[in-house]
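*Asks:* Mind the numbering: the sequence shown is residues 1353 to 1537 in this note's numbering, read in order.
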Amino acid sequence: MDALTFLSGLVKAIAWPATSIVLVILLRKPIVELIPLLRKLKYKELELEFAQEVSELKAEVESIAKEKGEEAPSIESTPSNLLNLVAYSTRAAIMEAWLEVESASVSVASSFWGQSPNDTFRNMPKLGEYLLQCKVIDEKQLSVFNKLRQLRNKAAHAQDLDLSENDARSYVQLASDLARHIKGA
């Protein structure tokens, strides 16, 4: 084996790894700038979609409040027990916040039938639509209700869901505000 054959073999062996490394180095900054714009990233069982949806939902609720001339929901109006739970388990806080919305919804829906709250309404798949029909919530609040339910389902069924405390706090805040509205209707 002469020097040129050895050099040729060496170049063949390192061409693709070297090209990959150079591309990563050159594109590092543009890729990092694109990460916040990702709508969904899935690696094995991990999905990074929840945070984006919570922030979109929060913006939607703030715009609804602005349209109605109301104050946007604040963290101070959120029950402290739910906020304390966020520090221990984001998933548990989300589940409890949804239960608060569901409980308020079932209670109000049952009151229209003169019944005590029971599992009939809790298991009703179109509970939000029923509340809309009874004029407890409006179309935009129905959208928030359905999105909160979807996010709760993601939190409940994802195997390895790693949520930030801020995302969980935002969810808890939105759910508590909706539950308070439903109870007051």
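Using N, Cα and C, we set each Cβ at its ideal position, and we do this for glycine too.
(1) Determine the direct distance from the alpha carbon of L1375 to that of L1362, and round the result to whole angstroms.
(2) Measure the alpha-carbon distance for M1353 versus L1378 and round it to whole angstroms.
(3) Just how far apart, CA to CA, sit E1517 and T1442?
(4) Which residues bound the alpha helix (DSSP H) around S1516?
(5) Answer yes or no: do E1405 and L1503 have a C-beta to C-beta separation smaller than 8 angstroms?
(6) Which residues in the same chain as I1534 place their Cβ atom closer than 8 angstroms to its Cβ, once the five residues preceding and following it in sequence are excluded?
(7) Can you give me the C-alpha to C-alpha distance between D1495 and E1385, rounded to a whole angstrom?
(8) Count the other CB atoms, across all protein chains shown, that sit within 10 Å of the CB of Q1485; report buried if there are 16 or more and exposed otherwise.
(9) For A1370, which residues from the same chain have a beta carbon less than 6 angstroms from its beta carbon, with the 5 sequence-adjacent residues on both sides left out?
(10) Do you know offhand how far P1477's Cα is from F1497's?
*Replies:* Put simply:
(1) As a first step, residue 1362 is located in the sequence shown; it is residue number 10 there, counting from the start. As a first step, residue 1375 is located in the sequence shown; it is residue number 23 there, counting from the start. Their Cα atoms are separated by approximately 20 angstroms.
(2) The residue labelled residue 1353 in the question sits at position 1 within the sequence shown. The residue labelled residue 1378 in the question sits at position 26 within the sequence shown. Using only the alpha carbons, I get a separation of about 36 angstroms.
(3) Mapped onto the sequence shown, residue 1517 falls at position 165. Mapped onto the sequence shown, residue 1442 falls at position 90. Looking at the two C-alpha atoms, the distance is approximately 6 angstroms.
(4) Start at 1 with the first residue of the sequence shown, and residue 1516 comes out as number 164. Counting along the chain, S1516 falls outside any alpha helix (DSSP H), and DSSP gives it neither H nor E.
(5) Working through the sequence shown from its first residue, we reach residue 1405 at position 53. Working through the sequence shown from its first residue, we reach residue 1503 at position 151. Less than 8 angstroms separates the beta-carbon of E1405 from that of L1503.
(6) On the sequence shown, residue 1534 is found 182 positions in, with the first residue counted as 1. Answer for I1534: V1453, A1456, S1457, V1460, L1483, V1488, I1489, listed in chain order.
(7) Within the sequence shown, residue 1495 is the residue found at index 143, counting from 1. Within the sequence shown, residue 1385 is the residue found at index 33, counting from 1. The identity of residue 1495 in the sequence shown is Ser, whereas the question assumes Asp. Each residue's alpha carbon lies about 30 angstroms from the other.
(8) Along the sequence shown, read from residue 1 onward, the residue named residue 1485 stands at position 133. Q1485 should be labelled exposed.
(9) As a working note, residue 1370 is residue 18 in the sequence shown. Taken in chain order, the list of residues that qualify is empty.
(10) As a working note, residue 1477 is residue 125 in the sequence shown. As a working note, residue 1497 is residue 145 in the sequence shown. Their backbone Cα atoms lie some 12 angstroms apart in a straight line.
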